[in-house]
Amino acid sequence: MLEISVERHDDYVLCRPAGELDAYTVAQFREALTELADESYVLVDLSDVPFMDSAGLGALIGGIRRARENDGDVARWPVTVLP
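Under this note's numbering, the first residue of the sequence shown carries the number 11, and numbering increases by one thereafter.
Structure, rendered in structure tokens:
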């Protein structure tokens, strides 16, 4: 199960999915990002996402593309580099 919270701040919107982000839950995540596509800046906090498959990654990339088409941007947090 995936839960998504959205918090609006002065300069950005924070989107916090919690749970596994995979082929079974991606539609909910994609819908949330689509609803936020008109925002100037969206920060996606993935700290409570223990697993994300290619469907989740595709939804994130699609959300970034839609936001940029509307002169906005999306960033993800935390940034983790694995060896």
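Note that the Cβ used here is the ideal one computed from N, Cα and C, for glycine as well.
Buried or exposed (CB count within 10 angstroms, at least 16 for buried), residue i
i: G10; result: Lying before the first or after the last residue shown, residue 10 is absent from the chain, which here runs from 11 to 93.
i: A33; result: exposed
Best match in the options for proximity to residue i [C-alpha to C-alpha]
i: D63; options: E45, L31, D21; result: L31
i: V59; options: R18, V23, D21, V36; result: V36
i: E41; options: E13, D83, A85; result: E13
i: Y22; options: G66, L53, A65; result: L53
i: A47; options: S15, M11, H19, G72; result: G72
i: G66; options: L24, D20, R86, H19; result: R86
i: H19; options: L70, E49, S57; result: E49
Reduced DSSP category for residue i - H, G, I as helix; E, B as strand; rest coil
i: S15; result: strand
i: A47; result: coil
i: A33; result: coil
Alpha carbon of residue i to alpha carbon of residue j, nearest angstrom
i: E45; j: P88; result: 22 Å
i: F39; j: D55; result: 12 Å
i: N80; j: P27; result: 22 Å
i: R75; j: F61; result: 22 Å
i: E17; j: L43; result: 13 Å
Contact with chain B by residue i, beta-carbon distance below 8 Å
i: D32; result: The chain labelled as chain B is not found in the depicted structure, where only one protein chain is given.
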